[in-house]
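Peer 1:
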Amino acid sequence: MPSKTTNPVLSTRALGRATLARQLLLAPAAMSAEDAVSHLLGLQAQNTKPPYYALAARLDGFRPEELSELMESRRVARIVTMRSTIHTHTADDVFTLRPLVQPARDREIGIFRKGLVGVDLDRLAALARELVEERPRTPKEIREALLVEWPDADPQSLGIAARCLLPLVQVTPRGLWRSSGQVCLTTAETWFGRPFEAVPAEAGPAQAVPAEAGPAQADPSEAEPTPDGTVLRYLAAFGPASVKDMQTWCGLTRLRDAFERLRPGLVTFQDEHGVELFDLPDAPRPDEDTPAPPRFLPEFDNLLLSHADRSRVVAAEARNRTWKGNQAYCVFLLDGLLAGLWRLEETKERTAMTIQPFGSPTKAQRVELAEEAERMLGVMARPGVPYEVAFGIVDA
């Protein structure tokens, strides 16, 4: 929504530099993996490797084993949160962010209501909780057990409902570096050994993104977590940003009230289209000409998914070029913008990384890309296995 007041204008390029600074992508950060996961409000983790590559791109001295150790010690975990996708979160954020986005998960059930005719959702949640707290269960085991109770229901819908109603954590060894393990689920309360605590409600709690009517409405008298603290953290990791930007990130709407409550302590700008942007007063906003070195990011990195207007990092000519069908690609940034794809082929004998630019990088840029690729491979490739970097073209 265009601003009704005149605020200082931030160019698209300046917005990009500010966001890259918050995302730890202008220079490798001297930060622990746990602190980085917290600062970034989680890492996209639809697949098991992306969180490791996301941290390798951002942290100085990162070791993949560090994140695995955090998972094994139950200080971070994989769970469905923003945009109904799996994220790697710290334990504290599991108990903060999952309740915040619960209205969106409740509404998601409505999409599958045709497969849930006659299903008592309270009963489903109780049965699923009993199952996964007895021992971690695979999604197939959960579906099959629920089908005994509701044989006429759609199995997929039953599984989705259980995932939406309960904060289900993927237990290790799933997600460990260079390890394997099928998806097995238990509740966050069981995995972390702590309960969800009620958070006092304030006026105007966040509401789920509109969808088709769901099966049941939450009791408005029940306490809901307020988004105010998360707004501040979102701006610290993704700002400057509009209300709509944050709503895109978390899958909620009606967040305007939270921004208005916080307005006295924030600064405001507008983008080149007049959209009002909020920010923390002391957050970094580098000059738009600040150098932005190449960075290699995993598929679905949150940098690319967490704004309604993604032009700060994705130029118009690069839109819709990061996936094909259901396949998403790893991407790289050049001069702060999405500039191409990369892929990795690993065998016992060697590791080969192919860089596929969308355009024609200069000779100097190709050198920078190769150097950053070698830095990443030095961290992520198998020890003792030689690696190589080559340039290719984007597949048609």
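Quick note: the sequence shown uses the working numbering, first residue 419, plus one each step. Glycine included, every Cβ here is placed at the ideal spot set by N, Cα and C. Owing to the predicted nature of the structure, the values given are computational and were not obtained by experimental measurement.
Are the stretch 506-518 and the stretch 557-569 touching by the rule of at least three beta carbon pairs closer than 8 angstroms?
Peer 2: Taking 8 angstroms as the limit for Cβ pairs, the verdict is that the stretch 557-569 does not touch the stretch 506-518.
Peer 1: Once the 5 residues before and after ARG555 are set aside, which same chain residues still bring their CB inside 7 angstroms of it?
Peer 2: Correct list, in chain order: LEU549, CYS602, LEU603.
Peer 1: Among ASP727, THR605, GLY683, ARG703, which one has its Cα closest to the Cα of VAL821?
Peer 2: It is not possible to answer for residue 821, since the shown part of the chain is limited to 419 through 814.
Peer 1: Return the residue from the list ALA546, THR644, TRP760, VAL589 that minimises the CA-CA distance to GLY810.
Peer 2: Checked all of ALA546, THR644, TRP760, VAL589; the closest Cα to GLY810 is TRP760.
Peer 1: Quick one: give me the first and last residue of the alpha helix (DSSP H) that THR437 is part of.
Peer 2: 430-440 is the span of the alpha helix (DSSP H), which, as asked, contains THR437.
Peer 1: Give a yes or no on whether the C-beta atoms belonging to GLN688 and LEU680 are separated by under 8 angstroms.
Peer 2: The answer is no: Cβ separation not under 8 angstroms.
Peer 1: Is there contact here, the stretch 768-785 with the stretch 459-479, by at least three beta-carbon pairs under 8 angstroms?
Peer 2: Output reads no: the stretch 459-479 does not touch the stretch 768-785.
Peer 1: Using a Cβ-Cβ cut-off of 8 angstroms (strictly less than) and excluding sequence neighbours within five positions of ALA736, which residues of its own chain qualify?
Peer 2: Answer for ALA736: LEU755, LEU756, ALA757, PHE776, listed in chain order.
Peer 1: Starting from LEU723 and walking both ways along the beta strand (DSSP E), at which residues does that stretch end?
Peer 2: Run containing LEU723: none; DSSP gives neither H nor E here.
Peer 1: So is PRO591 buried or exposed if we call it buried at 16+ other beta carbons inside 10 Å?
Peer 2: That one is exposed.
Peer 1: Whole angstroms is fine: what's the gap from HIS505's alpha carbon to VAL749's?
Peer 2: The alpha-carbon atoms of HIS505 and VAL749 are separated by roughly 19 angstroms.
Peer 1: Is DSSP giving GLN464 helix, strand or coil here?
Peer 2: Correct three-state label for GLN464: coil.
Peer 1: Which residues in the same chain have their Cβ closer than 6 angstroms to the Cβ of SER729, if we skip the five residues on either side of it in sequence?
Peer 2: THR430.
Peer 1: Name the residue from ARG481, LEU433, ASN465, GLY434 whose alpha carbon lies nearest to the alpha carbon of MET449.
Peer 2: Selected option, being the one with the closest Cα: ARG481.
Peer 1: Report buried or exposed for ALA621, applying the criterion of at least 16 other Cβ atoms within 10 angstroms of its Cβ.
Peer 2: Confidence at ALA621 is low in this model, with a pLDDT of 35, below 50, so the placement of that residue should be treated as unreliable; the coordinate-derived value is given next. Classification for ALA621: exposed.
Peer 1: Quick one: Cα of LEU485 to Cα of VAL649, how far?
Peer 2: Going by the C-alpha atoms only, they are around 26 angstroms apart.
Peer 1: By Cβ distance, which residues of its chain are closer than 7 angstroms to PRO573, with the 5 residues on each side in sequence left out?
Peer 2: Here the set comprises ARG561, LEU565.
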